[in-house]
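Colleague:
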Amino acid sequence: MAPVRVRFSPAPTGELHVGGARTALCNLLFARGHGAGSDGATFLLRIEDTDRARVREEWVDGIQDTLHWLSIGWDGQPIRQSEHVDRYVAVAEQFLADGLAYECFCTEDDVKERNATARAAGRPPGYDGHCRDLTTAERDERRAEGRASVLRFRTPDTGVSTFRDLIRGDVTVEWANIPDFVILRSDRSPIFFLANAVDDLDEGITHVIRGEDLIDTTHRVLVLRRAMGAAEQPIYAHLPLILAADRSKLSKRHGSVAVEEFRSRGILPEALLNYLALLGWSPDEAIGEILSLAELIEHFDLEHVTHASAVFDEKKLEWINGEWMRRLDTAELAARVEPEVRERFGAAFDPDVFAHAVAIGQERSSTLVQLVDQMACLFVADDDLVIEPEAWARLEAVERADDVLDAVIAHVEACEWTVDGINLVEVIKQLGLKPGKVMAAVYVAIEGRAQGLPVFDAIWLIGQEHALNRLRAARDRLG
RNA sequence: GCCCCCAUCGUCUAGUGGCCCAGGACGCCGCCCUUUCAAGGCGGUAACGGGGAUUCGAACUCCCCUGGGGGCACCA
Numbered sequence: 015m016a017p018v019r020v021r022f023s024p025a026p027t028g029e030l031h032v033g034g035a036r037t038a039l040c041n042l043l044f045a046r047g048h049g050a051g052s053d054g055a056t057f058l059l060r061i062e063d064t065d066r067a068r069v070r071e072e073w074v075d076g077i078q079d080t081l082h083w084l085s086i087g088w089d090g091q092p093i094r095q096s097e098h099v100d101r102y103v104a105v106a107e108q109f110l111a112d113g114l115a116y117e118c119f120c121t122e123d124d125v126k127e128r129n130a131t132a133r134a135a136g137r138p139p140g141y142d143g144h145c146r147d148l149t150t151a152e153r154d155e156r157r158a159e160g161r162a163s164v165l166r167f168r169t170p171d172t173g174v175s176t177f178r179d180l181i182r183g184d185v186t187v188e189w190a191n192i193p194d195f196v197i198l199r200s201d202r203s204p205i206f207f208l209a210n211a212v213d214d215l216d217e218g219i220t221h222v223i224r225g226e227d228l229i230d231t232t233h234r235v236l237v238l239r240r241a242m243g244a245a246e247q248p249i250y251a252h253l254p255l256i257l258a259a260d261r262s263k264l265s266k267r268h269g270s271v272a273v274e275e276f277r278s279r280g281i282l283p284e285a286l287l288n289y290l291a292l293l294g295w296s297p298d299e300a301i302g303e304i305l306s307l308a309e310l311i312e313h314f315d316l317e318h319v320t321h322a323s324a325v326f327d328e329k330k331l332e333w334i335n336g337e338w339m340r341r342l343d344t345a346e347l348a349a350r351v352e353p354e355v356r357e358r359f360g361a362a363f364d365p366d367v368f369a370h371a372v373a374i375g376q377e378r379s380s381t382l383v384q385l386v387d388q389m390a391c392l393f394v395a396d397d398d399l400v401i402e403p404e405a406w407a408r409l410e411a412v413e414r415a416d417d418v419l420d421a422v423i424a425h426v427e428a429c430e431w432t433v434d435g436i437n438l439v440e441v442i443k444q445l446g447l448k449p450g451k452v453m454a455a456v457y458v459a460i461e462g463r464a465q466g467l468p469v470f471d472a473i474w475l476i477g478q479e480h481a482l483n484r485l486r487a488a489r490d491r492l493g
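In structure tokens form, the structure reads like this:
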């Protein structure tokens, strides 16, 4: 059997979407699961940039950067469809010469308008074959009028189209339901179906793994391949779609969809990949759900992918992310956030304090953003510590907050300067109060909020002078 | 409207005729731990959309209904 050749083919009309990332991942897993080296599988990246109106060069780069971030690596140089336009046009013209395609003079508006009438009359929309059987004379007449034309591919009138899908089995549609479709726009630029069919054939793609939203287009691509004389058809696998929480299509209205958004929200690439793989697929219970890319490659199996679309669950993503944060080596985790922390806190950044804070925060946060936010109080000047109104209210609500702060100040002035020496539990108990009930006041005074790093560590990390400044400031404000 | 795909806990899923009065994970709830909050540990709640058919037996097979998603562009 010939080596497996797959491709991920995004259209650079926006940032990489989680759906696209999942498609790319499944292609990668499939390829890497089918041998390595010279006789192993090949995974290509193909940029489908034939729509000149919507493509932007920044997205071409952006998508590749995002794939790199996810450690989804492809083989060789990315392929640009825009560089193969001549080839697509030549194929289209051959179709015209062979009578498989025809010139169509209907404008986009004509087609839209007739579609609307068809719908209103209860007839199916889609091209109605208006220019299908124009005579040579009629065509000449229209050209003489200066009317632009597109090239339309003539689909069979009868029979069915069937292809085999690795996930769904045989998928069959009657040709009568597939109208003639455009392959060359009026500006002679090729359309998706054509470019896709030509490239898959030219590149010897053996398996096409993509989203289910493309399932209906498969028949059109296949008929073009046959028209080109392709002896074999690739095997398809249509992945179930990812849905928003309300089961509608995942879109910006429902929160994050771009991979970069998850990145900026402090999600690790390992976690996103892991979560995406779990959408529609699940490993043996004995293995557990937290899997590295290498483990996914080992276990993932396209034939066990579910058929139904899946709702994207950000809670579970965050849980997986927390698991990954704890699995990462502390130094590695620190390295991932250090540039950001340095930039955010400038001169106040202290490498030793930072290292300690990461070690503590690693065990208690679910995202990188949480991790960094927790340590923010360590790198701000005492006067710049922001205490939100709710946090201050929390402090004020603490029983005998004034006594608590006085006792804490006295202790911090005199105690041995170690985390154990700072321990305030006995101090609070001596006041006849429960540490668990009143400690929040100390958190607010030191960290500016009622949640964050364990406060004895925080006090130790900012140092005696700063700790006292903050405690006294809070005490003064309390009056 | 027409075509295609699909249907197990709130969510992701296991389950391929008896092992299932349905297992796991996230969430949620409770308890424990505890320097607030988290994190962690333990426990609990919760599902086979409906109706027929086949069978000794159906979550698993078939049909219908209902429901959901996708497609029907000179986007991909």
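If you want my numbering, it's the 1-based position in the first sequence plus 14. Using N, Cα and C, we set each Cβ at its ideal position, and we do this for glycine too. No experiment lies behind these values; they were computed from the predicted model shown.
Could you give the first and the last residue of the continuous alpha helix (DSSP H) run that contains Phe368?
Modeller: Looking at the DSSP string, the run of the alpha helix (DSSP H) that includes Phe368 is 365-376.
Colleague: Quick one: grab the DSSP three-state call for Asp194.
Modeller: If DSSP states are grouped into helix, strand and coil, Asp194 belongs with coil.
Colleague: Out of Ala285, Ile281, Asp417, state which residue places its alpha-carbon closest to the alpha-carbon of Gln384.
Modeller: The option with the nearest alpha carbon to Gln384 is Ile281.
Colleague: Confirm, please, whether the CB-CB distance from Leu485 to Leu419 is below 9 Å.
Modeller: Closer than 9 Å, so yes.
Colleague: List in chain order: all unbroken beta strand (DSSP E) runs of 3+ residues lying wholly within the stretch 389-465.
Modeller: The stretch 389-465 contains no whole beta strand (DSSP E) run of 3 or more residues.
Colleague: Report the rounded CA-to-CA distance for Arg354 versus Ala390, giving the unit in angstroms.
Modeller: A small fix is needed here, since residue 354 is Glu in this sequence, not Arg. When rounded, the distance between both Cα atoms is 12 Å.
Colleague: Measuring only the C-alpha atoms, how far is Val433 from Ser23?
Modeller: Whole-angstrom Cα-Cα distance: 55 Å.
Colleague: If you drop the 5 nearest sequence neighbours on each side, which residues of the same chain put their C-beta closer than 7 Å to that of Ala115?
Modeller: Ala106, Phe109, Leu165, Arg166, Phe167, Arg168, Ile197, listed in sequence order.
Colleague: If you draw a straight line from the alpha carbon of Asp366 to that of Ala415, how long is it in whole angstroms?
Modeller: About 32 Å.
Colleague: Just to confirm before moving on: does the CB-CB distance between Ile401 and Ala258 stay below 9 Å?
Modeller: No. Outside cutoff.
Colleague: Comparing C-alpha positions only, which one of Trp295, Leu286, Asp315 sits nearest to Ser306?
Modeller: Taking only the C-alpha atoms, the option nearest Ser306 is Leu286.
Colleague: Buried or exposed: which applies to Glu284, given that a residue is buried once 16 or more other Cβ atoms fall within 10 Å of its Cβ?
Modeller: Its Cβ being crowded by 16 or more others within 10 Å, Glu284 is buried.
Colleague: Would Glu303 and Leu292 be called neighbours here (beta carbons separated by less than 9 Å)?
Modeller: The answer is yes: Cβ separation under 9 Å.
Colleague: Classify Phe109 as helix, strand or coil using the three-state DSSP reduction.
Modeller: In the structure shown, Phe109 sits in a helix (DSSP, three-state: H, G or I).
Colleague: Does DSSP classify Ala300 as helix, strand or coil?
Modeller: Coil at Ala300, not helix or strand.
Colleague: Which parts of the stretch 160-218 are runs of the beta strand (DSSP E), unbroken and 3 residues or longer, counting only runs that do not cross its ends?
Modeller: Within the stretch 160-218, the complete beta strand (DSSP E) runs of at least 3 residues are 164-167, 174-179, 183-188, 195-198.
Colleague: By Cβ distance below 7 Å, which residues in the same chain neighbour Leu475 in space, the five residues on each side in sequence not counted?
Modeller: Once the five neighbours on either side are set aside, the close Cβ partners of Leu475 are Val367, His370, Ala371, Leu392.
Colleague: How far does the alpha helix (DSSP H) with Thr56 in it reach, from first residue to last?
Modeller: Premise fails: Thr56 lies in the beta strand (DSSP E), 56-61, not in any alpha helix (DSSP H).
Colleague: Assuming Ile77 contacts Leu39 under a Cβ cut-off of 8 Å, what Cβ separation, rounded to an integer in Å, is found between them?
Modeller: Not really, about 14 Å apart at Cβ, beyond 8 Å.
Colleague: Measuring only the C-alpha atoms, how far is Ala55 from Asp315?
Modeller: Going from the Cα of Ala55 to the Cα of Asp315 covers about 15 Å.
Colleague: In this structure, how does DSSP classify Phe326 when only helix, strand and coil are distinguished?
Modeller: If DSSP states are grouped into helix, strand and coil, Phe326 belongs with coil.
Colleague: So, do the stretch 87-98 and the stretch 294-302 have three or more beta carbon pairs nearer to each other than 8 Å?
Modeller: The stretch 87-98 vs the stretch 294-302: no contact.
Colleague: Which residues bound the beta strand (DSSP E) around Tyr545?
Modeller: Limits of the chain in this structure are 15 at one end and 493 at the other, which puts residue 545 out of reach.
Colleague: Assign Gln91 to one of two classes, buried (16 or more other C-beta atoms within 10 Å of its C-beta) or exposed (fewer than that).
Modeller: Burial call: exposed.
Colleague: Just mark Ala428 as buried or exposed, buried being the case when its beta carbon has 16 or more other beta carbons within 10 Å.
Modeller: With fewer than 16 Cβ atoms within 10 Å of its Cβ, Ala428 is classed as exposed.
Colleague: Going by DSSP, what residues sit across from Lys126 in a beta bridge?
Modeller: Answer is none; Lys126 lacks a bridge partner.
Colleague: When you compare only the Cα positions, how much space is there between Gly450 and Ala472?
Modeller: Going from the Cα of Gly450 to the Cα of Ala472 covers about 17 Å.
Colleague: What residue range is occupied by the uninterrupted beta strand (DSSP E) comprising His233?
Modeller: Segment 232-241 is the alpha helix (DSSP H) holding His233; no beta strand (DSSP E) there.
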